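A.B. asks:
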Amino acid sequence: MPDDDDAIIVDTRRGAARPPRVRRRPAEEPQQIPVRSPGQGQARVPGRAPVQPGDRWNAGGYAEGFDSTRVMPTRGAGPAAGPGGRDGGYDSGRGYGGGGTGRPADPPAPARRPRRRKRTALRVFGVLVLVVALWAGLLVWAGMSAWGKVTKVDAFPTSGRPSPGKGTNVLLVGSDSRAGLTSAQAKALRTGGSNVSEGAAHTDSIMILHMSSSGSPTLVSIPRDSWVAIPGYGHGKINAAFTYGGPKLLVQTVEQATDLRIDDYMEIGFGGFAGVVDAVGGVRMCLPEAVKDDYAHINLPAGCQNLSGANALGYVRSRHAFATGDLARAEHQRQFLGALMKKIATPGNLLVPWRLKSIGESGAQGIAVNKGMSPLTALKIMWTLKGITAGGESVQVPVANANYYVDGQSTVLWDSTRATQLFTALRNDTPISVSQSAGS
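The structure is reproduced here in structure tokens:
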């Protein structure tokens, strides 16, 4: 032992910092440091706390109970490496260089996927809403573009009208108006004259569409040669009312003859009719027999076929090719109108803006409606006509004599009893019977 009574305690652990320089204590009486025997711990130094394993250096450089004589294992000298790949000896489980706490590091925080997915879903939803709104805007634009070219007429009389009944009654008129046609187009359609101003005041078909408020719709044909009273003109064929006073007198005549209040009026001319048929690519009809009519300029074979605008116009105008004449024509008009509306009212036509615009503008210049009718009402009428072929009633005014001659002209005389029953059922919005709808 050196004469200096100060002992130097060295920390032999790996990576331990160099101990500070030992300060010399003031002179004091020498003390005997007990020599420990093998297997014994560090002896207690008088005046100090016993050295305990794990103690560290204090600020003054004295060991606080640290057993400096403890044997330190070198790296790899201890037990075999543990599951984590580190050795199981000294500093096992500690982080190197950082003074670890002896426990594994916390796992990384999970990514915020739910919030990211929510944002993505909101973006997709926003895009879909924008696309739908844009598409709806295009449909409205297409419909309004065509509606702006439709003629609006004053169709209702101001007095002497029946009181409103149940449901809605629409007067549908097919006229030989050539409005919107050039001379070449009128000639191509073989409408009976090349001058577009000729014969613009006759009706080829007259129908009442009853839209029930509680049941199926009913389409009633009125033969154009029906012998009725025309206000201000005595008796005559019902189509003469259109010639004498246009839509307003025709509505007044129909209301007086049927006691039904007409709520809406819609008229389509030659050009508008043929244009719409061509715009939808023709209409498929199955004819039970061949139809040849030189007056209507058609020669159609029997069987199913696709009718173009010109052939369709000739077919719904033809009466000379059939034994029942005007009655057969009225029946064909109802059948074709239902097929045409069914062809128009398909998603491919109504939900595609450019198709809707093309169809609307093809017939718009040849269509006239009452003032105050909205585009939605027109669409509802078209949709109701489509339903005629799917469960609706399609009838004709009961007839007593289909060849009733008056003053040398052939007319159609109604069966007044059954006709009254039919119109009463429509007025009250009740189902019609077979006897009420019999055609002859």
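According to the UniProt record's numbering, the sequence shown is numbered sequentially starting from 1.
Backbone N, C-alpha and C define an ideal beta-carbon position, used for all residues, glycine too.
Values in this document were obtained by computation on a predicted structure and should not be read as measured data.
#1: Per DSSP, what kind of secondary structure is I309 in: helix, strand or coil?
#2: Short of 7 Å in beta carbon distance, which residues of its chain neighbour N311, apart from the five on each side in sequence? Order them along the chain.
#3: I'd like the ranges of any alpha helix (DSSP H) spanning at least 4 consecutive residues and lying wholly in the stretch 343-377.
#4: Since residue 442 contacts D154 with CB under 8 Å, what's their CB separation in whole angstroms?
#5: To the nearest angstrom, how far is it from the Cα of A229 to the Cα of V412?
#6: Compute the Euclidean distance between the alpha carbons of G338 and V316, then round it to the nearest angstrom.
#7: Mapping the DSSP letters down to three states, classify G137 as helix, strand or coil.
#8: Just to check my reading of the structure: P398 and A419 have Cβ atoms closer than 8 Å, yes? What is that Cβ distance to the nearest angstrom?
#9: Is Y233 helix, strand or coil when you go by DSSP?
#10: Let's see if you can read the secondary structure: which residues bound the alpha helix (DSSP H) around D264?
#11: Does DSSP put A330 in a helix, a strand or coil?
#12: Looking at C-beta atoms only, is the number of pairs between the stretch 370-385 and the stretch 333-353 that lie closer than 8 Å three or more?
#13: Tell me where the alpha helix (DSSP H) around T243 begins and ends.
#14: Could you check the C-alpha separation between A136 and I381 for me, to the nearest Å?
#15: Between which two residues does the alpha helix (DSSP H) holding T424 run?
#16: According to DSSP, W227 sits in a beta bridge with which residue or residues?
#17: Can the beta-carbon of V277 be found less than 8 Å from the beta-carbon of G309?
#18: Would you decide whether V132 is buried or exposed? Buried here means 16 or more other CB atoms lie within 10 Å of its CB.
#19: For a test of the three-state rule: what should DSSP assign to S145, helix, strand or coil?
#20: Whose C-alpha, out of D204, G165, L260 and C304, is nearest the C-alpha of F273?
#21: Apply the 10 Å Cβ neighbour rule to E255 and answer buried if 16 or more other Cβ atoms are within range, or exposed otherwise.
#22: Count the C-beta pairs between the stretch 213-220 and the stretch 229-247 that are closer than 8 Å, then say yes if the count reaches three, no if not.
#23: Could you check which residue in L171, D326 and G314 has the C-alpha nearest to that of N403?
#24: Would you report the Cα separation of H320 and P223, rounded to the nearest angstrom?
#25: Output needed for I367: all residues of its chain with C-beta closer than 6 Å, excluding positions within five of it in sequence on either side, in chain order.
#26: Where does residue 499 fall in DSSP's three states?
#27: Using a threshold of 8 Å, state whether the C-beta atoms of S362 and G275 are closer than that.
#28: Going straight from the alpha carbon of R123 to that of L134, what length do you get?
#29: I believe V173 touches L260 by the beta-carbon criterion, under 8 Å. Please report the beta-carbon distance rounded to the nearest angstrom.
#30: Identify the continuous beta strand (DSSP E) that holds S175 and give its terminal residues.
#31: In its own chain, which residues sit with a C-beta less than 7 Å from the C-beta of S358, not counting the 5 before and 5 after it?
#32: Buried or exposed, going by whether 16 or more other CB atoms sit within 10 Å of the CB of A257?
#33: The beta strand (DSSP E) that contains A402, what's its start and end?
#34: Please state whether DSSP places V124 in a helix, a strand or coil.
#35: At which residues does the beta strand (DSSP E) containing S394 begin and terminate?
C.D. replies: If we stick to the structure as given:
#1: Along the sequence shown, read from residue 1 onward, the residue named residue 309 stands at position 309. The sequence given here places Gly at residue 309; Ile does not occur at that position. In this structure, G309 counts as helix in the three-state DSSP scheme.
#2: On the sequence shown, position 311 is the one that residue 311 refers to. For N311, where only same-chain residues beyond five positions count, the Cβ hits under 7 Å are I298 and L300.
#3: DSSP runs (the alpha helix (DSSP H)) wholly in the stretch 343-377: 347-350 and 353-364.
#4: Here the chain covers residues 1 to 440 and nothing more, so residue 442 does not appear.
#5: Within the sequence shown, the letter at position 229 stands for residue 229. Within the sequence shown, the letter at position 412 stands for residue 412. Roughly 13 Å separates the two Cα atoms.
#6: As a first step, residue 338 is located in the sequence shown; it is residue number 338 there, counting from the start. As a first step, residue 316 is located in the sequence shown; it is residue number 316 there, counting from the start. Approximately 12 Å, taken between the alpha carbons.
#7: For this step, residue 137 is matched to residue 137 along the sequence shown. Shown here, G137 sits in a helix according to DSSP, grouped into three states.
#8: Position 398 of the sequence shown, counted from the first residue, corresponds to residue 398. Position 419 of the sequence shown, counted from the first residue, corresponds to residue 419. Confirmed, about 5 Å.
#9: Residue numbering aside, residue 233 sits at position 233 when the sequence shown is read from its first letter. It is coil, neither helix nor strand.
#10: If you number the sequence shown from 1, residue 264 lands on position 264. For D264, there is no enclosing alpha helix (DSSP H); the residue is part of the beta strand (DSSP E) that begins and ends at D264 to I268.
#11: On the sequence shown, position 330 is the one that residue 330 refers to. In the structure shown, A330 falls within a helical segment according to DSSP collapsed to helix, strand and coil.
#12: The stretch 370-385 vs the stretch 333-353: in contact.
#13: The sequence position of residue 243 within the sequence shown is 243, counting from 1. Segment A240 to T258, the alpha helix (DSSP H) holding T243.
#14: Working through the sequence shown from its first residue, we reach residue 136 at position 136. Working through the sequence shown from its first residue, we reach residue 381 at position 381. Going by the C-alpha atoms only, they are around 21 Å apart.
#15: Taking the first residue of the sequence shown as position 1, residue 424 is located at position 424. For T424, the enclosing alpha helix (DSSP H) begins and ends at S416 to N428.
#16: What you label residue 227 is simply residue 227 of the sequence shown in a count that begins at 1. Note: W227 sits in a beta bridge opposite K237.
#17: Start at 1 with the first residue of the sequence shown, and residue 277 comes out as number 277. Start at 1 with the first residue of the sequence shown, and residue 309 comes out as number 309. In this structure, G309 lies closer than 8 Å to V277 by Cβ.
#18: For this step, residue 132 is matched to residue 132 along the sequence shown. Here V132 is exposed: its Cβ has fewer than 16 other Cβ atoms, across all protein chains shown, within 10 Å.
#19: Working through the sequence shown from its first residue, we reach residue 145 at position 145. Three-state result, S145: helix.
#20: In the sequence shown, counting from the first residue as 1, residue 273 sits at position 273. Distance from the Cα of F273 is smallest, within the candidate group D204, G165, L260 and C304, for D204.
#21: Numbered from 1 along the sequence shown, position 255 holds the residue referred to as residue 255. Looking at its Cβ environment, which holds 16 or more other Cβ atoms inside 10 Å, E255 is buried.
#22: The answer is no - the stretch 229-247 does not touch the stretch 213-220, with fewer than three Cβ pairs under 8 Å.
#23: To locate residue 403, count along the sequence shown from 1; it is residue 403. Nearest C-alpha to N403 among L171, D326 and G314: D326.
#24: By one-based count along the sequence shown, residue 320 stands at place 320. By one-based count along the sequence shown, residue 223 stands at place 223. When only Cα atoms are considered, H320 and P223 end up about 15 Å apart.
#25: Translated into positions along the sequence shown, residue 367 becomes position 367. Sequence-distant partners of I367 (beyond 5 residues in either direction) whose C-beta falls short of 6 Å from its own C-beta, in its chain, are V150, I268 and G272.
#26: Here the chain covers residues 1 to 440 and nothing more, so residue 499 does not appear.
#27: Here residue 362 is taken as the residue at index 362 of the sequence shown, counted from 1. Here residue 275 is taken as the residue at index 275 of the sequence shown, counted from 1. Result yes, Cβ atoms of S362 and G275 sit closer than 8 Å.
#28: The residue you call residue 123 lines up with position 123 of the sequence shown. The residue you call residue 134 lines up with position 134 of the sequence shown. In this structure, the alpha-carbon of R123 lies about 17 Å from that of L134.
#29: Within the sequence shown, residue 173 is the residue found at index 173, counting from 1. Within the sequence shown, residue 260 is the residue found at index 260, counting from 1. The Cβ separation is near 15 Å, so there is no contact.
#30: Along the sequence shown, read from residue 1 onward, the residue named residue 175 stands at position 175. Annotation for S175: the continuous beta strand (DSSP E) segment containing it runs T168 to S175.
#31: Residue 358 sits at position 358 when you count from the first residue of the sequence shown. So the list reads A279, once near-sequence residues are dropped.
#32: The residue labelled residue 257 in the question sits at position 257 within the sequence shown. It counts as buried.
#33: For the purposes of this step, residue 402 is taken as the residue at position 402 of the sequence shown. A402 -> beta strand (DSSP E) spans V399 to V406.
#34: Taking the first residue of the sequence shown as 1, we reach residue 124 at position 124. Under the three-state reduction of DSSP output, V124 falls in the helix class.
#35: Against the sequence shown, residue 394 aligns to sequence position 394. Element bounds for S394: E393 to Q396.
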